[in-house]
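For any residue, its number in this note's numbering is found by taking its place in the sequence shown, counting from 1, and adding 73.
The block underneath contains the structure these notes are about, expressed in structure tokens.
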Amino acid sequence: MGRSAMSEDDDSDGSSDNIVSSPITRVPSAPFQRTFRSHSLNADDAMLQILFLAPYSPLLKSYVRTLLKTDCENRNIDVLMNYFTARKLLPQLLQTLAKFEVEQTNMCNPLFRGNTIFSKTYIFYLNKHCSDFVKETSSALLDFLSAIQFDDKSSASTTMYSSIVSTYLSLLNESKRIIPKNLLWVIHGIYKVVLIKRNSTEALIGVNTLFFMRYLLIPFMKMPNLFKYIQSLITPIVCGKQVIQKNEEFYVIQELIDIITKEVLAPNTPRSYYMTKDQERTSNEMLVLLRTNREALIDNYDGDEMELSNLLADPVLLKESVLLKWAK
């Protein structure tokens, strides 16, 4: 890990940044120092993480209600994703946003299909962190087809399609070891939520949507006929409508489903006593945004309002009020 944005000297002292010049002559007591300490960048960020990562996070829910349904939606999504990315917590964010979507989607409507906040975050995550597996499989097959000048618009024979699919399945089998573990954990968690909230059929449809339709098969959108053909073969297997035996060619698809639906270990989240430059920058961005929208966020907050109010209190006003208190 690179050198932290905050040096050990800064962390051990911090007084030059936190206490302004004042004619006060008496030395502040311990409570005074603790009050300032609680509003240092590290302390605020620690509290932010606690609130954002709480089960069904009231802060995240308030953020979505307040800041992601405005004209500044895209910028506010960026601030949210950058904050979680800098802390290697984007998988946790995805699972929580997916839970919100499952809760808020009418039981009659399919899940994870529209241009929702979860979908935008999920696509960002796939593009930034999960591209290698797709490059080694779907994209590699497309490169091969381009090299042999395969024309998707022409009427390819069943034999030709079968040969292409066989090649694709071989690529999947050879590359399955490099599937991002964090992605498996994200989809597994979402699968379990849908399984509990709806049923096993819809949970498997969710796996099909998130892993195959919105991730693995995306490159084939450039060849619509081939995309439809591969989709028609894979979807029945994923959704449990077709049983595949171990000795069959399509067993690799069954293996992928089993990997996702069985227990997946949670990703390791590295811990550090000091903030990196990205963490400090994104924490500042997040706190500025939250404090600017303090009243609206508190109005939409389902948790302890006082806890959030204290976190989002203007640090300058807080400092002045404490100084006045201790000057008396």
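Each residue gets a CB set at the ideal place from its N, CA and C atoms; glycine is no exception.
These numbers were taken from a predicted model, which means no experiment stands behind them.
Counting every other CB atom within 10 Å of its CB across the protein chains shown gives residue 356 a total of 16 or more, marking it as buried. Bounds of the alpha helix (DSSP H) holding residue 155 are 146-159. About 6 Å separates the Cβ atoms of residue 244 and residue 213, confirming a contact at the 8 Å cut-off. In the structure shown, residue 131 falls within a helical segment according to DSSP collapsed to helix, strand and coil. Between the stretch 200-214 and the stretch 247-262 there are three or more C-beta pairs closer than 8 Å, enough to call the two in contact. By the neighbour-count criterion, in which 16 or more other beta carbons inside 10 Å mark a residue as buried, residue 313 falls on the exposed side. Of the candidates 290, 265, 318, 115, the residue whose Cα lies closest to the Cα of residue 305 is 290. For residue 315, there is no enclosing alpha helix (DSSP H), as DSSP marks it with neither H nor E. Under the three-state reduction of DSSP, residue 335 is assigned to coil, being neither helix nor strand. The C-alpha of residue 155 is placed about 29 Å away from the C-alpha of residue 276.
By the 16-neighbour rule on beta-carbons within 10 angstroms, residue 316 is exposed. Cβ-Cβ distances below 7 Å link residue 330 to 280, 311 in the same chain, with the five nearest sequence neighbours on each side left out; the list follows chain order.
At a Cβ-Cβ threshold of 8 Å, residue 257 and residue 337 count as neighbours.
Within the same chain, no Cβ atom closer than 6 Å to the Cβ of residue 387 is found once the five residues on either side in sequence are excluded. With a cut-off of 8 Å on Cβ pairs, the stretch 119-136 is in contact with the stretch 369-385, counting three or more such pairs. In chain order, 307, 311 place their CB closer than 7 Å to the CB of residue 285, counting only its own chain and leaving out the 5 sequence neighbours on each side.
Where residue 206 is concerned, the enclosing alpha helix (DSSP H) starts and stops at 204-209. In this structure, the alpha-carbon of residue 119 lies about 16 Å from that of residue 153. Going by DSSP, residue 279 is part of the alpha helix (DSSP H) stretching over 273-280. In this structure the stretch 373-380 does not lie against the stretch 171-186, because fewer than three pairs of beta carbons, one per stretch, are closer than 8 Å. Classified as exposed, residue 297 has fewer than 16 neighbouring CB atoms from the shown chains inside 10 Å of its CB.
Taking the Cα positions, residue 292 is about 22 Å away from residue 184. Of the residues assessed, residue 227 falls on the exposed side of the cut-off, its CB having fewer than 16 other CB atoms within 10 angstroms. Setting aside the 5 residues that flank it on each side, residue 164 is surrounded in the same chain by 255, 258, 259, 340, each with a C-beta closer than 7 Å to its C-beta; the list follows chain order. For the set 241, 322, 190, the Cα lying nearest the Cα of residue 148 is the one of 190.
Our two residues, residue 158 and residue 167, have alpha carbons roughly 11 Å apart in a direct line. Apart from sequence neighbours up to five positions away, the residues of its chain that approach residue 265 with a beta-carbon distance below 8 Å are 276, ordered along the chain. With a cutoff of 8 Å on beta-carbon distance, residue 199 and residue 288 are scored as near each other.
Counting along the chain, residue 222 sits inside no alpha helix (DSSP H), nor does DSSP assign it H or E at all.
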